[in-house]
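Trainee:
Numbering (my numbering), first residue to last: 990 to 1919.
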């Protein structure tokens, strides 16, 4: 494949290969039709998985022999879906030859039997009663049904029939006809003398869909399931879908909602440019997708298109150029809208045309269309169209860069604006979306009214107090000024606005480096606090403070403080993780010789084993019997049966291909990383070129050697991770993502660098207090946060301190949260301390503390305390690590008692505690009141 598959995609590909081999073998023995269902939610990359599977069938794997004569028939209910799937296979599968993918043409296709080694694409429209393919004619000797019957009869051992049911493009009566046609291949049809296909692979978003399609057939059904959690963790999808509607449609009409949508899209454009420029990616160029009403009579649309474009241009303070606005209105050609020529475009061409900024459409984007650049959508459709809108939104949740954005959390959202919906009808859209996409779409879905936003962006780039009331300059050029047909580039001016340059080179020269962060300027006046007042009535202390939020974020991110990721399962073995880590360390010049060093050590291990065999006199006898070894990784034919069939071969009579096959099996057992070939480059004997192959086969066949290799990989991986983790913090976002993925896939509990984003997307809660000293805040420097009484009280005590600077609410399970693992009832769980406190330090500049107000009645108190204690021992740069309880001091006043696990003596006591009573005693004796 031309692309690297995600771990869950590799697992699904291998599972499909195993199950299809077993199914073909079962069909050959029993002639019972076999069905395999690939069930995967939106964004799993089902077509990519199938393309990888097809390559594995044609060219073999380390476990299964190649089958170059295999025939694939790919059936869907849409020509557009077929073309999209065909294009993806041609683009992503590097082993598929040009011309190997064939679209069955209803006007010219006429074959007695399908040719070996081809992938045929067919759609249900070509199989209806009136379709050309199902009738004889002067130019057609064989109907498609006869072609398929003949192929099943002659080539059932190599026919793979794929039903793509995941992207249903039809509704109502047409969908019913398509389902009926698809079922013919599963059940057979006496009318056309078509037997059930020997092996059907169904691609579906949900088990309910495909089970309904399979119905009451006698086929043997196997399943290959990809969970929503796997897709969610991959970063392939947006984190959130936010649907906005007006509470008061009269006050906020459709043009008012369009104005809000335009502002959101404009903001996304700025944020995407800033991110891609800083991380050295190509600019995403977000697309604004606008669904308009169908037209009545001769009208193109009942939506006033002139007003739509005029309103957008008004909000952007610029005029669009030709090809920046396009439409997909059926057979309609170029339109003139608000004086602008708006050409027609095929939906499949939108993603690759970087000039496009706005797309106007009616109903033809929900099927066969994926546009990761579509960041914002506005629909003029009414509430009765909830199903259609849900189908469209399901196509818009893919991430443009196929990864989660760490620096700017607002880029992990996709937004939909619905002026003619209300809270109830928006719920219908959400329900339809969940139903359409398989019941558990791997993306959070929330709705909000235009008047009361649910999700808001908070950033560290807030305006200073002196600038918060500064009026915007009406003459300020913005991101959409001077649009060109070239990919736009933007430069940031001194007043933090954005201007667009037509010359990318000129733009690059005009983009300055980020201004250097200054020493934090902090001005705080103390306010007396009555600690006897009731905690529930505590309000935020009124203080005047100027916070260098950018400088604090930079400081924290440069430290590489320790955090963890806790998973239920380990995805990769240590050998795979070690190879990936050494490759990254070498690639980014963190440790330039890491990969070479690892290769040398593994090769030396293999050679030492062979030398020991020579010294003990065992080598010659083992070499004679090497081909009779049954390694745990064995080679199977296409029916899942062992190619060796239990026979013992002689070394002297075996062919080179037999030895090469054994070598491939040995390489597979050693992780398929090419160690045998690297060994051969160093120790190959030109007079006996097969000798190194025997050496490697012997090493891989010895369980002790494989165990030793895995122990080495585990130790080496942790050594390298501990030694070089701190150096990753200075690398770009691309490197950090790769590193985090490698490390988190290696262990159920893995070490990472704590890194704060610059912008986060926050879900507001009712009843929150406004704070001006939270690190992340709105453009006015305020953050509205809801805290309980304990949390308010603890925070109030912190703010009294002379060295207090700001605080961070550490969210549970966010991608950037600070996480500390702890063990309870033999299970490792993640803990997310409530507060991160930032204090000024005369030497370092800043120091951070970790505070956890925790109810003593919870049974996890001791377990969490031990987890925090172990963390404190590892991360000694943290100032305080406190578990906090509410209690009364010696004067009988309600205060907060703190147990600081950063102190070694307290930490040792906690680690030795055996039960909660002992821990409570430690709290009584060593806890302190501030």
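Ideal Cβ placement from N, Cα and C applies to all residues, glycine included.
Values in this document were obtained by computation on a predicted structure and should not be read as measured data.
Helix, strand or coil for residue 1913 per DSSP?
Mentor: helix
Trainee: Quick check on the DSSP output: the alpha helix (DSSP H) that includes residue 1883 runs from which residue to which?
Mentor: Counting along the chain, residue 1883 falls outside any alpha helix (DSSP H), though it belongs to the beta strand (DSSP E) covering 1883-1889.
Trainee: Distance check for residue 998 and residue 1555, CA to CA, integer angstroms please.
Mentor: 21 angstroms
Trainee: Check whether the Cβ atoms of residue 1397 and residue 1260 sit closer than 8 angstroms, and answer yes or no.
Mentor: yes
Trainee: In the DSSP assignment, find the unbroken beta strand (DSSP E) run with residue 1153 in it and report its ends.
Mentor: 1148-1153
Trainee: Can you name the residues that DSSP bridges to residue 1542?
Mentor: For residue 1542, which the question treats as bridged, DSSP gives no partner whatsoever.
Trainee: Going by DSSP, what residues sit across from residue 1092 in a beta bridge?
Mentor: 1110
Trainee: Residue 1600 bridges to which residues according to DSSP?
Mentor: Answer by DSSP bridge pairing: none, since residue 1600 is not bridged.
Trainee: The beta strand (DSSP E) with residue 1398 in it runs from where to where?
Mentor: Careful: residue 1398 lies outside any beta strand (DSSP E) and carries neither H nor E.
Trainee: Determine contact between the region 1029-1044 and the region 998-1008, defined as no fewer than three beta-carbon pairs at a distance below 8 angstroms.
Mentor: yes
Trainee: For residue 1766, which beta-bridge partners are listed by DSSP?
Mentor: 1448
Trainee: Quick check on residue 1722: does DSSP put it in helix, strand or coil?
Mentor: helix
Trainee: Please classify residue 1275 as buried or exposed, where buried requires at least 16 neighbouring CB atoms within 10 angstroms.
Mentor: buried
Trainee: Under the three-state reduction of DSSP, which class applies to residue 1644: helix, strand or coil?
Mentor: Note that residue 1644 scores 47 on pLDDT, short of 50, meaning its location in the model is unreliable; the coordinates nonetheless yield the value given after this. Three-state result, residue 1644: coil.
Trainee: Kindly indicate which three-state DSSP category residue 1322 falls into: helix, strand or coil?
Mentor: coil
Trainee: Would you report the Cα separation of residue 1792 and residue 1834, rounded to the nearest angstrom?
Mentor: 11 angstroms
Trainee: When you compare the region 1573-1580 with the region 1711-1728, are there three or more beta-carbon pairs, one atom per stretch, that lie closer than 8 angstroms?
Mentor: yes
Trainee: Can the beta-carbon of residue 1826 be found closer than 8 angstroms to that of residue 1807?
Mentor: no
Trainee: Mark residue 1295 as exposed unless 16 or more other C-beta atoms lie within 10 angstroms of its C-beta, in which case mark it buried.
Mentor: exposed
Trainee: Cα-Cα, which of 1863, 1280, 1567 and 1418 is closest to residue 1352?
Mentor: 1280
Trainee: May I ask you to report which of helix, strand or coil DSSP gives residue 1773?
Mentor: strand
Trainee: Can you find at least 3 beta carbon pairs, one from the region 1695-1706 and one from the region 1774-1784, that sit closer than 8 angstroms?
Mentor: no
Trainee: Between residue 1134 and the rest of its own chain, which residues show a CB-CB distance below 7 angstroms, the 5 nearest in sequence each way excluded?
Mentor: Correct list, in chain order: 1123, 1181 and 1183.
Trainee: Work out the CA separation of residue 1886 and residue 1899 for me, nearest whole Å.
Mentor: 16 angstroms
Trainee: Where does the unbroken beta strand (DSSP E) through residue 1193 begin, and where does it stop?
Mentor: 1188-1193
Trainee: Below 8 angstroms, how does it come out for the region 1536-1553 and the region 1740-1747: are there three or more Cβ pairs, yes or no?
Mentor: yes
Trainee: Does the beta-carbon distance from residue 1063 to residue 1111 come in below 8 angstroms?
Mentor: yes
Trainee: Please determine if the region 1023-1031 and the region 1211-1218 are in contact, where contact requires at least 3 C-beta pairs separated by less than 8 angstroms.
Mentor: By the C-beta criterion, the region 1023-1031 is judged to be in contact with the region 1211-1218, since at least 3 inter-stretch pairs fall below 8 angstroms.
Trainee: Alpha carbon to alpha carbon, how far is residue 1479 from residue 1258?
Mentor: With a pLDDT of 39 at residue 1479, under the threshold of 50, the modelled position of that residue is not reliable, and the figure given next carries that caveat. Their Cα atoms are separated by approximately 10 angstroms.
Trainee: Using 8 angstroms as the cut-off, can you tell me whether the region 1232-1248 makes contact with the region 1055-1074, which would need three or more C-beta pairs spanning the two stretches below that distance?
Mentor: no
Trainee: DSSP on residue 1555, reduced to helix/strand/coil?
Mentor: DSSP places residue 1555 in strand when its eight states are reduced to three.
Trainee: By how many angstroms is the C-alpha of residue 1360 removed from the C-alpha of residue 1369?
Mentor: When rounded, the distance between both Cα atoms is 20 angstroms.
Trainee: Return the CA-CA distance between residue 1137 and residue 1400, expressed in angstroms with no decimal places.
Mentor: 48 angstroms
Trainee: Is it a yes or a no for the region 1854-1864 touching the region 1806-1825, going by three-plus beta-carbon pairs under 8 angstroms?
Mentor: Yes, since at least three Cβ pairs between the region 1854-1864 and the region 1806-1825 fall closer than 8 angstroms, the two stretches touch.
Trainee: Short of 6 angstroms in beta carbon distance, which residues of its chain neighbour residue 1210, apart from the five on each side in sequence? Order them along the chain.
Mentor: 1024
Trainee: Should residue 1832 be labelled buried (16 or more other beta-carbon atoms within 10 Å of its own) or exposed?
Mentor: Exposed is the call here.
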